[in-house]
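Data first, discussion second: the structure below is written as structure tokens.
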Amino acid sequence: MERQQTRTETQDTEQQATTATSQPINEESVSKWAVLAIVAVGVFMATLDSSIVNISLPTIARYFNVPLNGAIEWVIIAYLVATAAILLTAGRLADMIGRKAVWLAGLLLFTSGSALCGAAPSLGFLIAARAFQGLGGALLMAVSPALLINAFPPQERGRALGLNAVTVALGVSVGPTLGGLITASLSWRWIFYVNVPIGIIGIIATLRVLKERSRRNPGRFDPFGALLLAVGLAALTAGLSFGQEIGWSSPLLIGLLALGVVALALLPIVEKRVSNPIIDFAMFRNRVFFSANISLILSFLAMFAVSFMLPFYLEELRGFSTETAGLLLTPFPIVLAVIAPISGSLADRFGSRWLAAGGLAIACLGLFFISQLNEHSSIFDIVWRLVFTGAGQAIFQSPNNSALLGAAPKSQQGSASGFLATGRTMGQSLSVALAGAIFAGLGGASAGLTLAANRTHLDPAQLATLQHTFTNSFQMTFIVCTCIAVIGVFTSLVRGKEEKVAVRRA
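So the sequence shown is residues 1 to 506, counted in full-length UniProt numbering.
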């Protein structure tokens, strides 16, 4: 009788243990989707705002009665510079004080900055408000990957990052169309006001739903290191943004770039002397982390030229309207949104090394195909090349990001997220500078302006000459981008088999 009672008690104990074990799994299953939804709100706002403003810039210039160059460009550049300056610092802060706190601060800054931008009484005020908004955007973009991989189990990390890529792609693709509609039907101010209700929803959801699951890594903040990092990244971003306009030999530009290089060169020396550095350079001893960062920068250096250069090709060489050009560019982000979650899930099952290298190899081939476009290419020729290239980028992106974040210790996930966001931003800035320099240096920029302004007044010989100059410059630009992508494929391959270890550590 005692044995039977003991057996019954043991069974009851096992059943209670099973119930207790399964309950957190169910709660985790619910909470991870809540975290994904909250992160989607912030990421969508930040990416939307990076693309929605461009289409409304001429209207803003007319409102403030300024030309479409010079000061008006700071409406875009101020946001980029402020974002680039603090991405890595934001990641370090997230590790120190908690990711939820940094995320909430980002939502508050971005939402209030959006309201200030919409109410701007002058261009100077708008530029300052955009910089303030950029600080909020940096906090959001720096901590969002860490929030996601902390909410999802390790075996679903690639899937989570793939779903996050959908939000990014939607924000980028919807921005120009939505910005044009809002500006035409309401006012340019509403391209900023539209963020306010979305941001308020995100703030409420963060306070009520988001839980802090990560362990904090307290320590003294390194203000001098943060200052050097901010000055270095801000100076480089500003210099690369203005290079094409003011000339690469300009003393101002050379001074900006020199300041950025010196500040970043001093950073490792300073960081070795403090107990809690803003950047832990020991992370780069991990081959997976190092190679994934290099591959990330090279991919955006090569791939962002598509978004930057194709509008010039479509509008200046081909004569399409802005609306048609925007529509023809949408296959790229749409394919990215469709394939990125699939590639992320595949990385969870099979590892990221071959997916990342194979995806970037496909994108590399796509860049070569884009380099073959000319004045006679059909719309189908343009679209299938963009689809092919976007598919390669989608296959590469989620696995590479998963490897990068998985290679970092859990206590430094915020810093790793900051590296991810900074690599993307710097890759994009370098891409614009490099592609713009090659294209302009070979005469493509001036040929495009002449074609756009005088297409109907040119005789056949002049037209053919200008088209040849533009096409040659365009093709050489993408040949260079193709070569950069080839290097990125190599850096993805050399990470070896350490990627599997990184997945288990996450």
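The C-beta atom is built at its ideal place from N, Cα and C for all residues, glycine as well. From a predicted model like this one, the values you see are computed outputs, not experimental measurements.
Close Cβ partners of residue i (< 8 Å) along its chain, the five nearest in sequence each way excluded
i: L88; result: A142, L229, L233, I278, I279, S415, G418, F419 and T422
i: E323; result: G180
i: L266; result: L228
i: F388; result: I362, L365, G366 and F369
i: A160; result: K32, L36, L148, I149, A151, F152 and G344
i: N164; result: L36, V39, A40, V43, S144, P145 and L148
i: V261; result: G232 and L236
Close Cβ partners of residue i (< 6 Å) along its chain, the five nearest in sequence each way excluded
i: L240; result: S429 and A433
i: L259; result: A235
i: Q155; result: D348
i: G137; result: A46, T83 and F110
i: A435; result: A305, F308, M309 and T477
i: V383; result: P331
i: S29; result: Per-residue confidence for S29 stands at a pLDDT of 43, beneath the threshold of 50, marking its modelled position as unreliable; the derived number appears in the next sentence. Excluding positions up to five away in sequence, the list is empty.
i: L256; result: A235, A238 and G239
i: L139; result: A90, V102, A105 and G106
i: S56; result: G179, T183, W188 and I191
i: L80; result: T237
Element boundaries [alpha helix (DSSP H), containing residue i]
i: M283; result: It is not in any alpha helix (DSSP H) - M283 carries neither H nor E in the DSSP assignment.
i: A356; result: R353 to I370
i: Q428; result: Q413 to G441
i: W248; result: Careful: W248 lies outside any alpha helix (DSSP H) and carries neither H nor E.
i: R99; result: R99 to G118
i: F132; result: L123 to A151
i: P333; result: P331 to F350
i: T471; result: P460 to L493
i: T456; result: Neither: T456 is in no alpha helix (DSSP H) and is coded neither H nor E.
i: S378; result: Segment: none, S378 is in no alpha helix (DSSP H) and carries neither H nor E.
i: A160; result: R157 to S185
i: I191; result: W190 to Y193
7 Å CB neighbourhood of residue i in its chain, flanking five on each side removed
i: L355; result: S343, L346, A347, I395 and P399
i: residue 510; result: The structure shown does not extend to residue 510, since the chain is modelled only from 1 to 506, so the question has no answer here.
i: G444; result: T469, F470, S473 and F474
i: F290; result: F284
i: W248; result: A437
i: L178; result: I52
i: S371; result: Q475, F478, I479 and T482
i: I200; result: T111
i: L147; result: V35, V39, R99 and W103
i: E116; result: According to the sequence displayed, residue 116 carries Leu and not Glu. Cβ neighbours of L116 beyond the five flanking positions: A129 and F132.
i: L126; result: V75, C117 and A120
Residue i burial status per 10 Å Cβ neighbour count (16 or more: buried)
i: T456; result: exposed
i: A61; result: buried
i: D95; result: buried
i: W74; result: buried
i: V288; result: buried
i: F380; result: exposed
i: C481; result: buried
i: D459; result: exposed
i: V335; result: buried
i: Q462; result: exposed
i: S378; result: exposed
i: N65; result: exposed
i: P145; result: buried
i: I72; result: buried
i: F281; result: exposed
i: S402; result: buried
i: P176; result: buried
message: Taking 8 Å as the cut-off, does the segment 280-299 touch the segment 485-492 (at least 3 CB pairs, one atom from each stretch)?
response: Yes: at least three Cβ pairs fall under 8 Å.
field: the segment 105-121 contacting the segment 42-51, beta-carbon criterion three pairs below 8 Å
entry: Contact holds: three or more Cβ-Cβ distances are below 8 Å.
message: Check whether the segment 183-201 and the segment 322-330 touch, using three or more Cβ-Cβ pairs below 8 Å as the test.
response: Flag = no, the segment 183-201 and the segment 322-330 do not touch.
- prompt: Any chance the segment 310-324 sits against the segment 115-125, with 3 or more Cβ pairs inside 8 Å?
  reply: No, they do not touch.
message: Taking contact to mean 3 or more Cβ pairs, one atom from each stretch, closer than 8 Å, check whether the segment 457-470 and the segment 255-274 are in contact.
response: Inter-segment contact for the segment 457-470 and the segment 255-274 is absent: fewer than three beta-carbon pairs are separated by less than 8 Å.
message: Is it the case that the segment 186-202 contacts the segment 364-372, given that we only count it when at least three CB pairs across the two stretches are under 8 Å?
response: Counting Cβ pairs under 8 Å, fewer than three are found: no touch.
- request: Count the CB pairs spanning the segment 128-135 and the segment 436-452 that are closer than 8 Å, and state whether there are at least three.
  value: With a cut-off of 8 Å, the segment 436-452 and the segment 128-135 do not count as touching, because too few Cβ pairs lie within range.
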